[in-house]
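For the sequence shown, full-length UniProt numbering assigns the number 1 to the initial residue and increments by one for each residue that follows. C-beta atoms are modelled at their ideal positions from N, C-alpha and C, and glycine is treated no differently. Some notes on the structure that comes next.
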Amino acid sequence: MNIEDLRARLPETAKDMRLNLSNIVRSEHLTERQLYGCLLATAFAARNRELLAAAEGEAATKLSPEDVALVKSVATTMSMNNVYYRFVHLVGNEQYSQMPARLRMQALGGGSEGKVDRELWSIAVSAVNGCGMCITSHEQVLTQHGATREMIQDAVRIAAVVAATAAALDAEAPLNVG
Numbered sequence: 001m002n003i004e005d006l007r008a009r010l011p012e013t014a015k016d017m018r019l020n021l022s023n024i025v026r027s028e029h030l031t032e033r034q035l036y037g038c039l040l041a042t043a044f045a046a047r048n049r050e051l052l053a054a055a056e057g058e059a060a061t062k063l064s065p066e067d068v069a070l071v072k073s074v075a076t077t078m079s080m081n082n083v084y085y086r087f088v089h090l091v092g093n094e095q096y097s098q099m100p101a102r103l104r105m106q107a108l109g110g111g112s113e114g115k116v117d118r119e120l121w122s123i124a125v126s127a128v129n130g131c132g133m134c135i136t137s138h139e140q141v142l143t144q145h146g147a148t149r150e151m152i153q154d155a156v157r158i159a160a161v162v163a164a165t166a167a168a169l170d171a172e173a174p175l176n177v178g
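Structure follows, in structure tokens:
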């Protein structure tokens, strides 16, 4: 399955998503690795199996198997971080922000090579998961490492379309009422 197959499956109520899905696989600002990494990472975060299968199909033709594994690792790690840091932010108790997280996050490391790519994937997943603290942190790191606003916007635009597509697919899925 690929994005075109998925577009055909979207209901009429998601007509805008059909058009947006066609557009998210093009960017003047992101490299192919960054773009397809954002697509795959956000599909992973959106938790819709049909969408994830389509994103994996697209990514398999554009990313190496090692990159696919790295993207999934970043998405998983960011999903953990988004829950934890959203709690720290929302609880409103400064003491939690002073405590060590004690969460393993090596997928986000790896030195300066590919740093911008990993950060773009991270901000995109954080946008899907709604973690303002993580979004702010990754935006700052991205700008410090030379990412443009247009690059960051493209990553978040991909996240927005993927999240909305997942919502449309989930809403149209048959209910398993037992």
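Task: Boundaries of the alpha helix (DSSP H) in which E32 is found, first to last residue - done: For the purposes of this step, residue 32 is taken as residue 32 along the sequence shown, with counting starting at 1. Here the alpha helix (DSSP H) through E32 covers E32 to A46.
Open item on the list: Check this for me: beta carbons of A159 and A127, under 8 Å apart or not?
Closed with: Working through the sequence shown from its first residue, we reach residue 159 at position 159. Working through the sequence shown from its first residue, we reach residue 127 at position 127. Yes, the Cβ-Cβ distance between A159 and A127 is below 8 Å.
Task: Endpoints, the alpha helix (DSSP H) within which M81 is located - done: Position 81 of the sequence shown, counting from 1, holds the residue named residue 81. The question names Met, but residue 81 in the sequence shown is Asn. Start and end: P65 to V91.
- [ ] Just mark T42 as buried or exposed, buried being the case when its beta carbon has 16 or more other beta carbons within 10 Å.
- [x] Stepping through the sequence shown from its first residue, residue 42 is reached at position 42. Classification for T42: buried.
Task: Cβ pair count under 8 Å reaching 3, the stretch 68-84 against the stretch 94-109 - done: yes
- [ ] Measure from the alpha carbon of V125 to the alpha carbon of each residue in P11, K72, I3 and E12, then state which is nearest.
- [x] Taking the first residue of the sequence shown as position 1, residue 125 is located at position 125. Considering only alpha carbons, the answer is K72.
Task: For V125, three-class secondary structure by DSSP - done: The count along the sequence shown starts at 1 and reaches residue 125 at position 125. Three-state result, V125: helix.
Task: Same chain, Cβ closer than 7 Å to E50, five either side skipped, listed in chain order - done: The sequence position of residue 50 within the sequence shown is 50, counting from 1. L6 and L169, listed in sequence order.
Open item on the list: Report the start-end ranges of each beta strand (DSSP E) in the UniProt domain "Carboxymuconolactone decarboxylase-like" (98-173) that is 3 residues or longer and not cut off at the edges.
Closed with: none
Open item on the list: Considering only the alpha carbon of each residue, which of G57, G132, C134 and R102 lies closest to Y36?
Closed with: For the purposes of this step, residue 36 is taken as residue 36 along the sequence shown, with counting starting at 1. Of the candidates G57, G132, C134 and R102, the one whose C-alpha sits nearest the C-alpha of Y36 is G57.
- [ ] Go ahead and pull the three-state DSSP assignment for H18.
- [x] Mapped onto the sequence shown, residue 18 falls at position 18. Just to set this straight, residue 18 is Arg in the shown sequence, not His. It is helical.
TODO: Using three-state DSSP, classify L10 as helix, strand or coil.
DONE: Start at 1 with the first residue of the sequence shown, and residue 10 comes out as number 10. In this structure, L10 counts as coil in the three-state DSSP scheme.
TODO: Return the Cβ separation of L120 and A164 in integer angstroms, given the expectation that the two are a contact with Cβ distance under 8 Å.
DONE: Along the sequence shown, read from residue 1 onward, the residue named residue 120 stands at position 120. Along the sequence shown, read from residue 1 onward, the residue named residue 164 stands at position 164. Actually they do not touch by this definition, with Cβ atoms about 19 Å apart.
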